[in-house]
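Quick note, the sequence shown lines up with residues 3 to 466 if you use the working numbering.
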Amino acid sequence: MSYIQTPVNQVRLTNVAVVRITRHGKRFEVACYRNKVVNYRQGIETDLSEVLQTERIFSNVGKGTMAKTSDLQTAFGTTDTEEICKRILEKGDLQVSDGERSVQQETTTREIATMIQAKCIDPRSRRPHTLPSIRDAMSQAGFVVHPSKSRTIKGQMLECVKAIQKQGCLPLERAKMKLCAYVEAGASERVGMELRRVGCLELKELEGEGDGDAQTQTRIEFLMDPGLYRRVDEIVKFGGVDDDTGIGNQAGGVCGRLEILRQCVYEEGEVELESELRRKENLINEVNVNSECKENSQTGDQGSSSAPSETNVNVVLLPDNDQDASPINPEPDTPPQLQLTSKQVKQNHKKAAKKSKKAKRREKEEAAEREAKLLAETNRQTERLTRLMAEGKIDATSLPLPDTVTPDNTVGAGVGRKSCNTCSGSFTASEYRAHFKSDWHRYNLNLKMEGVKCVSEDEFKSCD
């Protein structure tokens, strides 16, 4: 007996990641382990033997075709295999499978959402959002995550925040930074004015602490947006910034230094019920005020138009020829009224009558369909019973049949009666359930299993 043997001289490409580079019209490839290429490029792994599956350079890894030495010399200027492998690993293109690509996409998305949670807050509660709400907002805003190294995580985070703010998917803003500036006592006033001008908040001037030079300095604590850090640094160092160039006036010398107290400022600790209710009440009041302002602006814009709103319309009947007639049952302080003539009212009644006629016609059609189905079912049952009586399976005296089958007599004859296929009898709804428990039905079931003709109810009673 012969067996199919797998060749032992063939190397199967399992767990292989191919890194490819093209030079001078020639393609060069190296076979690597899947998870080691990224570690090598990040500097985590430095041993080539742990990265490369073999230190050979291919022109096609799948076919096992080796690259020519002359092509290597022409493309890289050397034939050193280790040096060429390093260049390919650093600058080559890595083939990534769908699974690895999805993992990189998920990892990048999670990193961006985590950075947004750490650096952004809800402007209403001054607290950070949860990760699920941030990821939902990212998907609603249609933000596309790029897992490539060319796009940094922080850059994508800033773009994502702008996209979420533009779409309005989630109330979001960058958390403020808390900084401390140590400036000379004579320049503290000028620096404070510059800081307020660029948008810094909650400035507090404190006396310098310590001995020596620290006593001649003024300490200024303030909050600012993270995007203003470079501009604020120039202001603190040089005492001011040129509005045109944004560069500090270095001619004045060093004025002070800047120190970061907190990277992100947000509310901490447990939420108190009273403060949360108060905050929600303030939000509701703001929404109500804004809605009232919008309504007032809309009414002011539409003051010249004569069309009233649909919500506050009272219909008043006026005769056709009397335009000066007063409305019926006038009420004081009523909203603008829509005046309808009797002709318009008649037209509305005609439209309503047309709709009611259509509904009645539809009901008649449905009733006719039901009667036709009922008649067809009754005729079918009647034909079946007639055929069974002709074959002698049932007695005509046990089941009275109507002379003619019409919609009038089917109401009492066929409707509500059910037949037994074994005993060939017709029963009402109450008799039908009791029939299956009777001795007659059980006797006929035994006869049917033995292949014998079933008996009628009279024959069964005569047997007793």
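All C-beta atoms in this analysis are idealised placements derived from N, C-alpha and C, irrespective of residue type, glycine included.
| Check | Outcome |
| --- | --- |
| Contact belief for L197 with I237 at Cβ below 8 Å, rounded distance in angstroms | 6 Å |
| K178 versus K168: straight-line alpha-carbon distance, rounded | 20 Å |
| Best match in S421, R153, S190, T80 for proximity to L390 [C-alpha to C-alpha] | S421 |
| Extent of the continuous alpha helix (DSSP H) run through K88 | 83-93 |
| Neighbour-count burial assignment, E459, 16 or more Cβ in a 10 Å radius | buried |
| Whole runs of the alpha helix (DSSP H) within the region 129-216, excluding any shorter than 4 residues | 133-143, 155-169, 190-200 |
| Chain C contact for F224 (CB, 7 Å cutoff) | Absent from the structure is chain C; it holds one protein chain and no more. |
| C-alpha distance - I222 paired with F78, whole-angstrom precision | 59 Å |
| Chain-order list of residues whose beta-carbon lies under 8 Å from that of C1 (same chain, five-residue window excluded) | No answer is possible for residue 1: the residues shown for the chain start at 3 and end at 466. |
| Distance CB(E85)-CB(F60) smaller than 7 Å | no |
| Buried versus exposed, by CB contacts within 10 Å (16 or more), S190 | buried |
| Contact belief for T81 with L91 at Cβ below 8 Å, rounded distance in angstroms | Not confirmed; about 17 Å, so no contact. |
| At least 3 beta-carbon pairs within less than 8 Å: the region 128-138 vs the region 96-110 | no |
| Range of the contiguous beta strand (DSSP E) that encloses K420 | 420-422 |
| Distance between R128 and K88 (C-alpha atoms, nearest Å) | 50 Å |
| Assigned exposure category for P332 - 16 Cβ within 10 Å defines buried | Confidence in P332 is poor, its pLDDT being 43 and thus under 50, which makes the residue's placement too unreliable to answer from. |
| Identity of the residues DSSP links to A19 by a beta bridge | C34 |
| Bridge-paired residues (DSSP) for N381 | BP columns for N381 are empty, so no partner. |
| Exposed unless 16 or more other CB atoms sit within 10 angstroms - verdict on F438 | exposed |
| Simplified DSSP state of C122, which is helix, strand or coil | strand |
| Per-residue burial, A139 [other beta carbons within 10 Å of its own, 16 or more giving buried] | buried |
| Distance between R22 and V39 (C-alpha atoms, nearest Å) | 12 Å |
| C-alpha gap between V185 and T220, whole angstroms | 5 Å |
| Beta-carbon proximity of V63 to C34, cut-off 7 Å | no |
| Three-way DSSP call (helix, strand, coil) for S464 in this model | helix |
| Three-state class that DSSP yields for G64 in the structure shown | coil |
| Inter-residue CB distance, C182 and L263 (contact presumed, cutoff 8 Å) | 5 Å |
| Coarse secondary structure for E371, derived from DSSP in three states | helix |
| For T24: DSSP bridge partner residues | R29 |
| Beta-bridge pairing of I222 - partner residues as DSSP gives them | A183, E207 |
| Contact check, I114 vs C171, beta carbons under 7 Å | no |
| Distance, D227 Cα to C202 Cα | 8 Å |
| Integer-rounded CB distance, given that M117 should sit under 8 Å from M159 | 5 Å |
| Same chain only: Cβ atoms within 6 Å of V457, ignoring 5 sequence neighbours per side | none |
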